[in-house]
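First the structure, in the form of structure tokens, and then the observations on it.
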Amino acid sequence: MKKAVTTIGLFLILAVGTYVYLLASQISDVDEVCALFPEGAVIGNLKEIEDNYSLKLMGPFAVRNKSDTQEAVFCASLTLCDTSCSVEYRNGRVTKAEVRRL
Numbered sequence: 022m023k024k025a026v027t028t029i030g031l032f033l034i035l036a037v038g039t040y041v042y043l044l045a046s047q048i049s050d051v052d053e054v055c056a057l058f059p060e061g062a063v064i065g066n067l068k069e070i071e072d073n074y075s076l077k078l079m080g081p082f083a084v085r086n087k088s089d090t091q092e093a094v095f096c097a098s099l100t101l102c103d104t105s106c107s108v109e110y111r112n113g114r115v116t117k118a119e120v121r122r123l
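The sequence shown lines up with residues 22 to 123 when you count with this note's numbering.
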């Protein structure tokens, strides 16, 4: 019985450790992706960026009250999208990129 409890405890510690590592990796990716988009940069292929990082791409969406402006959001799914990088662009050029943390 004691061996089973020890095994379960070790498994839980390993699982929590793995989750924390992956969570930190995704949060780091959010910061890194936003750094790729300084104001005025060419937007490029968003799907390719999603494939190279552990983030989920949502969008592009039309931005309210800004004609011809699109927004793409790179979301850290392990944070339930509480941490994300929002990139607004117009005519293929970045107008604003910001990290959002709730």
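In this text, a Cβ means the ideal position worked out from N, Cα and C, and glycines have one as well.
Asked: Which listed residue (58, 95, 100) has its alpha carbon closest to that of residue 82; Found: 95
Asked: Exposure label - residue 58; buried when at least 16 CB within 10 Å; Found: buried
Asked: For residue 83: DSSP bridge partner residues; Found: 91
Asked: Cβ-based burial, residue 50 [other Cβ within 10 Å; buried from 16]; Found: buried
Asked: Buried/exposed call for residue 119, threshold 16 Cβ in 10 Å; Found: exposed
Asked: Beta-carbon gap between residue 78 and residue 68 smaller than 9 Å; Found: yes
Asked: Residue 104 versus residue 40 - alpha carbon distance; Found: 16 Å
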